[in-house]
Amino acid sequence: MTPRHKLALVLTGGGARGAYQVGVLRGLLDLLTDPKTLPFSIVTGVSAGAINAVAIGSRADDFAYGVERLWKLWAELDSTHVFRSDPVSIGSIGARWMKDLALGGLTGSTTSSHLLDTTPLRHMLAREMDLPRLAANVGSGVLEGVAISATNYASGTAVSFYDAPRELRVQGVIPRGAS
138 MTPRHKLALV
148 LTGGGARGAY
158 QVGVLRGLLD
168 LLTDPKTLPF
178 SIVTGVSAGA
188 INAVAIGSRA
198 DDFAYGVERL
208 WKLWAELDST
218 HVFRSDPVSI
228 GSIGARWMKD
238 LALGGLTGST
248 TSSHLLDTTP
258 LRHMLAREMD
268 LPRLAANVGS
278 GVLEGVAISA
288 TNYASGTAVS
298 FYDAPRELRV
308 QGVIPRGAS
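Just remember that this note's numbering sits 137 ahead of the position in the sequence shown, which is counted from 1.
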């Protein structure tokens, strides 16, 4: 019995690359004999690529629809969907930085870890990313595995998440709790 070859989609990070990736995925649809079927068994991404990986993975049961929906998301994206840059928001963050610079050295604690308020990005991701559907696609076997990595804005550390069928985790293919 020959082992089944698995094709993985690996999407890198870097803001605008996310839009380029969707353009490539859209071009790939033209090459597929069945554009509805996801040609990858594993999907993984980092940062902007993680957004694309979750979107594609959550629509693994209809790849063409997932790509077109993601295309629309990137086509309509502007800075107000990612961060707040209004004077009140900038002023509030600036005041926190000033407080941390003035008092942080004395108390040893700081609360500032960012230059812009990314609440709009958090809201957009919560609205657009269908995590239950992603888990269902992994659970049903439509997608064999998904892994994403992102930066935790509060700590500045990389955080990775993965999901795969229980059999893979139990057999040691993917160590329990690996990240």
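Yeah, the Cβ is synthetic: ideal placement off N, Cα and C, and Gly gets one too.
Because the structure is a prediction, the values reported are computed rather than measured.
_Going by DSSP, what residue range makes up the alpha helix (DSSP H) through S184?_
What you label residue 184 is simply residue 47 of the sequence shown in a count that begins at 1. From DSSP, S184 is part of no alpha helix (DSSP H); its letter is neither H nor E.
From this set, G160, L144, A187, which residue's C-alpha is nearest S297's C-alpha?
As a working mapping, residue 297 is identified with position 160 in the sequence shown. The option with the nearest alpha carbon to S297 is A187.
Look up T256 in the DSSP assignment and give the residues it is bridged to.
-> Taking the sequence shown and counting its residues from 1, one reaches residue 256 at position 119. For T256, which the question treats as bridged, DSSP gives no partner whatsoever.
Q.
Contact defined as beta carbons within less than 8 Å: I believe I179 pairs with K143. What is the distance between those atoms, to the nearest angstrom?
A. Translated into the one-based positions of the sequence shown, residue 179 becomes position 42. Translated into the one-based positions of the sequence shown, residue 143 becomes position 6. The C-beta separation of I179 from K143 comes to about 6 Å, placing the pair in contact by the 8 Å criterion.
For this session: Give the secondary structure of V296 by DSSP, where H, G and I count as helix, E and B as strand, and everything else as coil.
Result: The residue you call residue 296 lines up with position 159 of the sequence shown. Looking at V296 - three-state DSSP - the assignment turns out to be strand.
Margin query: Per DSSP, what are the beta-bridge partners of L148 in this structure?
Written below: If you number the sequence shown from 1, residue 148 lands on position 11. According to DSSP, which records beta bridges pairwise, L148 is partnered with G182.
request  = May I ask which residues mark the beginning and end of the alpha helix (DSSP H) holding G160?
outcome  = Reading the sequence shown from its first residue, position 23 is the one you call residue 160. Unbroken alpha helix (DSSP H) run through G160: 154-168.
Can you find the residues in the same chain that come closer than 7 Å, C-beta to C-beta, to Y202, ignoring five residues on each side of it along the sequence?
Walking along the sequence shown from the start, residue 202 turns up at place 65. Once the five neighbours on either side are set aside, the close Cβ partners of Y202 are R196.
Taking only the alpha-carbon atoms, compute the straight-line gap between H272 and Q158 and give it to the nearest angstrom.
As a working mapping, residue 272 is identified with position 135 in the sequence shown. As a working mapping, residue 158 is identified with position 21 in the sequence shown. According to the sequence as given, residue 272 is Ala; it is not His. Taking the straight line from one Cα to the other gives about 23 Å.
Within 10 angstroms of its Cβ, does D300 collect 16 or more other Cβ (buried), or is it exposed? Taking the sequence shown and counting its residues from 1, one reaches residue 300 at position 163. Buried, since its Cβ has 16 or more Cβ neighbours within 10 Å.
If you measure between the beta carbons of V147 and T174, is that distance less than 7 Å?
As a first step, residue 147 is located in the sequence shown; it is residue number 10 there, counting from the start. As a first step, residue 174 is located in the sequence shown; it is residue number 37 there, counting from the start. Contact: no.
Near L280, what residues of its chain come up, given a Cβ to Cβ distance below 6 Å and the 5 sequence neighbours on each side ignored? Working through the sequence shown from its first residue, we reach residue 280 at position 143. So the list reads G194, A197, N274, once near-sequence residues are dropped.
Starting from S277, trace the alpha helix (DSSP H) in both directions and tell me its first and last residue. Working through the sequence shown from its first residue, we reach residue 277 at position 140. From DSSP, the alpha helix (DSSP H) with S277 extends over 268-277.
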